[in-house]
Each structure stands twice: as C-alpha cells, then as structure tokens.
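All residue numbers for the sequence shown refer to the numbering used here, where the first residue is -9 and numbers rise by one. Yeah, the Cβ is synthetic: ideal placement off N, Cα and C, and Gly gets one too. Below you'll find the structure, written out as structure tokens, and then a few comments.
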Amino acid sequence: MTSRSPIAPASAPESGDLPASRLDPSTATPNADWWRTATIYQIYPRSFADANGDGMGDLAGVTSRLGALQELGIDAIWLSPFYTSPQRDAGYDVADYCDVDPLFGTLADFDALVAEAHARDIRVIADLVPNHSSSEHPWFQAALAAAPDSPERARYLFREGRGEGGSEPPNNWRSHFGGPAWTRVVEADGTLGQWYLHLFDSSQPDFDWTNEEVHDEFRRILRFWLDRGLDGFRVDVASSLVKAEGLPDFTPSDDDEMPPYDGRPAVHDIFRDWRRLLDEYPGERILVAEAWIKPLVRRADWVRPDEMHQTFNDVLDVWDAAPLRDSIDGALTAFDAVGAPTAWVASNHDGVRPATALMLTRAERDGGLGPRTTGIPAYDVSLPRARGMAMLMLALPGSVYLYQGEELGLPEVTEIPDSARQDPTFFRTEGEQYGRDGCRVPIPWESAAPSYGFGPGDASWLPQPAIWRRLARDRQETDPESTLNLYRAAISLRRSLGLDRGAIEWLDGYPPEVLAFRNGDTIVLANTSTEEVPLPTGEVLLASAPIEHNVLTPDTAVWIHA
Ligand code: NOJ
C-alpha cells in the first residue's frame, strides 16, 4: 500500500497570520476588502454555548468560546438574532430591535463579546430582521389597539378581507411555514375585523416598507448597533421587504417565477440608502443579503457596487458534479459581472446538516427529518461527502460561510421527539414537516461533560444525541484525521495558497462526475462518481479521506500542488 499523504495535519493556524492593524479603523490602510475573502462563522446563539446553565445558549457563552473560533482561523462571526423576542421563531420575531433578550444576556454582554472578538481579530456581524417584527413589538400592539386606516396600522400590512363579511383572506399568499399568510384580528369592539400579512408565522407581521416611518426606524436601528462596534448585518429575507402594489394573487406557472413579494425593484433603494449609512462608519461595515432570488443571475442586483457587499450563493447542498458546476459557474459569472465576491455556503440554521443531507435528494429531506423518516443514511456512510464538500467549497475564490457544528461534521439530529420540537413549521404544518430543529441542537464541546460542555449542567433546550460524545470538539482536537482538523487545515491553506483571492479554471480529461479545476497553483478534484479516479502528478496538499494507490476514491476531494 502506498500512502501519498496523511489527511489534514493537526496544526492550528498561526494566530500571527493577521496584521495587528486589521481591525483598527484608525489606521491609514485598514483591510478595506476584508469581506471579499472572509471565512465567516455563523453562530446560532441558542445552541452555541450556555454560560448560565439555563439550557439556552447566551452571549457570555459565545465570548467564552471565541478562542476555539480563533484557532479555527475564521475572520468573522455572524450572530443569529439575540434581540428581545418572545422566541416564537427562535428570535426571528423581534420585539425590541435595540436590546438583548434576557435569555441571551444584556447589552453589556454584547459589548464584551464585540470587544473580545475584536481583540482576537474576529469581526462581528449580526442578523437584522426588517421584513417583519414580532407581534409583541410595541408598534404591532399599538396597531391592534388602533382603528383600521390609522397611522399605527399603516406600519404593517392590514387589509380588508374578501368575500362575504370579509371572511376570506385578502389574497391567496401562503406562509413559508405553512397555512395562509394572513390572520384576521378582533377589533376593539369585539367584531372580526381586518387581516394582517405575515409571510412567516402569525406572530411575525410584515412591515409596510412604503411607509417612511419604517425606513426611519431601521436607520435608527442600524446606527444603534454600528455605534456599538458591530461590523455589519446579515439581512433576513432581504428580498421580500417590498411587495407588489395591490398585493395581487400569486399562482406560479413555473418553479422559477418569483412571487409578488420577492425581488421587487424598489427594494434596492432601501439597500442603497443603508449602504450610504454604513459607509459613513470607519472600517468597512458590511451588508449581506439573504435573497434566494431566481434565476441566480438576478441576485447580482443585490451586490452592485452601491448596494450590499455580499449575497449568499445557492446552498451547495447536492453531491452531484453537474448541478454543482452550474451553481459555481453561475455564481462566479453573475457576481463577477458586478465586481462582487461570491458568498459560498454549504449549510445554515434552516437546512438539514450536510453530514446527513448530501446522501439524500432535496425532495427526501425538504421539510426536515425526524423519527418517522425512513432511509436516513448511517453517519459514517454520509460524513465523507460532507468532508468532500467542505474542501470543494473552501477551494473556491471569494467568501465562505460556515454554520456552527459544520466544522465538527455534526449530522442532522433526527431523533427529536414531537414533544420537544420548537420550530413553528412543525406546528403550522400539523407535524407534516419536522422543520429545522434537527440542525439547531446545542453543539458538543467536551465529550465527558454534562450537556457535552454546552453549559455547566445537563440542561439543553433541544435534546442532544448520544453521537455528540464521539463528535465533541475536545475529542476532535487531538485526532489528526478529525473533521475539525480538516477544516482548520483547509481554512489556513485557503489563505496561504491564495485560493480565496484566486480564480478557477475547469480542467478537461476527467469523468463528468468529477469536479476538476485549477485555482492558481492548486488542482482541486471532487469525486461525486462511484468509481476511483487516477490522480494527476503533484504533491497532495490536503485530502478529505486518505489517498492510497494514487487514486481518488468516491465521495472524496483533494487539493494537489500542480
Ligand atoms: C430566514 C431565517 O433564516 C429563518 O430562520 C427565519 O425563520 C425566517 N427568515 C423568518 O425570519
């Protein structure tokens, strides 16, 4: 047996890799384009680390674990919502945009987190949720108490119903979480009255962005956090803020047709306005859009030079060369045309984790997985594809987003009982869809500790599976072949080899099921076929599985020095 190279070496990147001036806005040459090649790590605060032991992650927990992220070699963190919220959609239902929910701590905890992250050369961006508020937001409460046609109602989208006595919703739009996108209110006199629009849960009423008051309020919110040192925002549902005039019915004629609440041209004026505001601040604060606009080429409109900095590429969630190549080419072409970097992503808090998903078709996993789902692959069978995908993604030029636990190769947790489920999708579809809890389970830090080191005791807001013991970070740290060490090596090499600021050129001479490209002096191969593929000559720099006999086995990716 000839072994050409071990897999990932267990070395952590040097902390001195980044110049000290990188985050100091007062220097003459701050790293203006940091976001173009940044590796950004998504923290889901509920599930990252719990400092006070109540079973819910918190900001002090994040601060206490930043050292592990510095060792991973990331450039920035993105915090999912930690604002005051009744938590009906895990914080994407905001009741006070300028405060921290007591579940997660205080504004002082936020300040301490930012200070500690900056001291470690890690930037901090946070979710901003401008499409809708919580129904407990004072504005919505005031709207409920006020009369139809009042200024209070004009901040949201209240409309009269259709049909006899207004008993039918104003249009046929559906909530993304299932059921109608409208809920009827009881007016002050006790009669059934108007309906309000909610593209998500009924506890998430949509703002009316034709109302200047909404614009002013969000400018205030942006400044509030920028003044506290935040480095930018991930803008939730960025494509849906503006709805088509008259809120017309929507019956799609094909899959690519955008609904009347997505991608309206006027939405871009909002982001131009925000960009001007962010540009007043030193140190390149950024906006990244969640805008799942189709076709992809239209998504480039979100990242024109005077708009947002980034918008997520389609999630790289199929292990199949042809669609992956289309997705990569499509993104590079679209975003290059406007001078924007691509923001690659293989997982987030809304989708089935790659270490499970990549063995399943979209139809098999859309809507989530649970105890009654059949055909879920065994962990050791599905992990190799997730490792291969990580190496493919981290070899692409541009910026990369990682979702917490991805670097540990965590699988989707499918054994959560119905009684423990929290995602509104599960309830709005009456259990037909399991929803997203399976990718949100508190992550494991220490193999032998209670709650696997998530918190000081056993408490965990979603039950943790037994496989966490084996996958805990402390175990992986000392295992040179662990997924954690593969990510560490890939993130470090990505920068030192210049893959992040390179360009790709597809290579001929490989079977169609093999993705093969060159990025600078590095050849990257990802084998999505069921056959072994001979390797080209050159030194193996990193591989997602051991390389033997000069061949690339199925479900494996490799970087070779050409
Ligand atoms: C997208 C977020 O990623 C998701 O978690 C949330 O439920 C919806 N937007 C609604 O805010």
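Ends of the alpha helix (DSSP H) at residue i?
| i | result |
| --- | --- |
| W199 | Note, W199: premise wrong, no alpha helix (DSSP H); not H, not E. |
| L384 | Y369 to L384 |
| E106 | L97 to A109 |
| F261 | V257 to D269 |
| N509 | Segment V504 to N509 is the beta strand (DSSP E) holding N509; no alpha helix (DSSP H) there. |
| D464 | R463 to E467 |
Given that a residue counts as buried once 16 or more other Cβ atoms are within 10 Å of its Cβ, and exposed if not, what is residue i?
| i | result |
| --- | --- |
| R478 | buried |
| A109 | exposed |
| S5 | Here S5 scores only 37 on pLDDT, less than 50, and its place in the model should not be relied on; the value that follows carries that caveat. Exposed. |
| P35 | buried |
| N540 | exposed |
| S70 | buried |
| H551 | exposed |
| V403 | buried |
| R218 | exposed |
| Q516 | Before going further, note that residue 516 is Ala rather than Gln in the sequence given. Buried is the call here. |
| D221 | buried |
| P434 | buried |
| L476 | buried |
| G329 | exposed |
| R460 | exposed |
| S534 | buried |
Do you know how far the Cα of residue j is from the Cα of residue i?
| i | j | result |
| --- | --- | --- |
| W129 | S482 | 47 Å |
| Y442 | R430 | 15 Å |
| W24 | G63 | 14 Å |
| A171 | V523 | 50 Å |
| E154 | D139 | 20 Å |
| N161 | P238 | 7 Å |
| Y393 | T241 | 34 Å |
| L49 | R210 | 23 Å |
| W68 | A506 | 31 Å |
| P432 | G51 | 12 Å |
| L532 | R485 | 14 Å |
| Q131 | S125 | 7 Å |
| A136 | D206 | 21 Å |
| V104 | I30 | 15 Å |
| T520 | M349 | 13 Å |
| P267 | G510 | The residue you asked about is not Pro; residue 267 is Leu in the sequence shown. Going by the C-alpha atoms only, they are around 37 Å apart. |
Got a sec? Which residues, its chain only, sit under 8 Å from residue i by beta carbon, not counting five neighbours each side?
| i | result |
| --- | --- |
| D246 | K284 and P285 |
| L373 | A345, G399, P401 and T473 |
| A18 | Residue confidence is low: A18 scores 34 on pLDDT, short of 50, so the model does not pin down where it sits. No coordinate-derived value is stated. |
| R426 | H339, D340, G341, G358, D413 and T415 |
| I112 | L56, L59, Q60, I64, D65, A66 and I67 |
In the DSSP assignment, the beta strand (DSSP E) including residue i goes from what residue to what residue?
| i | result |
| --- | --- |
| W68 | A66 to L69 |
| S75 | Here S75 belongs to no beta strand (DSSP E), and DSSP marks it neither H nor E. |
| N517 | T512 to N517 |
| T364 | That residue, T364, is in no beta strand (DSSP E); it is neither H nor E in DSSP. |
| R174 | W172 to V176 |
| E495 | I494 to W496 |
| F416 | Segment P414 to R418 is the alpha helix (DSSP H) holding F416; no beta strand (DSSP E) there. |
| L187 | L182 to L187 |
| L531 | E529 to A533 |
| Q32 | T29 to I33 |
Suppose the cutoff is 6 Å on Cβ atoms and the five residues either side in sequence are ignored; what does the same chain contact list for residue i look like?
| i | result |
| --- | --- |
| G156 | E150 |
| D545 | P374, R375 and G378 |
| G47 | P35, R36, S37, F38, A39 and D40 |
| A456 | none |
| T74 | A85, D86, D89 and D91 |
| D252 | S229 and S230 |
| R174 | L182 and W185 |
| G169 | R418 |
Give every residue of the same chain whose Cβ lies closer than 7 Å to the Cβ of residue i, excluding the five residues on either side of it in the sequence, and list them in chain order.
| i | result |
| --- | --- |
| P414 | R78, D79, F167 and D191 |
| D196 | N121, H122, Y146, L147, L187, H188 and L189 |
| V119 | P71, Y82, V84 and D226 |
| E297 | H258, F261, R262 and R265 |
| E177 | G183 |
(message) Does the contact criterion of 3 or more C-beta pairs under 8 Å hold for the segment 193 to 202 versus the segment 94 to 105?
(response) no
(message) Three Cβ pairs or more, each shorter than 8 Å: is that satisfied between the segment 215 to 231 and the segment 436 to 453?
(response) By the criterion of at least three beta-carbon pairs nearer than 8 Å, the segment 215 to 231 is not in contact with the segment 436 to 453.
(message) For the segment 323 to 343 against the segment 301 to 308, do three or more pairs of beta-carbon atoms, one drawn from each stretch, fall closer than 8 Å, so that the two count as touching?
(response) yes
(request) Indicate whether the contact test is met: 3 or more Cβ pairs, each with one atom in the segment 312 to 324 and one in the segment 271 to 279, closer than 8 Å. (result) no
(message) For the pair the segment 356 to 363 and the segment 383 to 391, tell me if three or more CB-CB distances fall below 8 Å.
(response) In short, these stretches do not touch, since the Cβ pair count stays below three.
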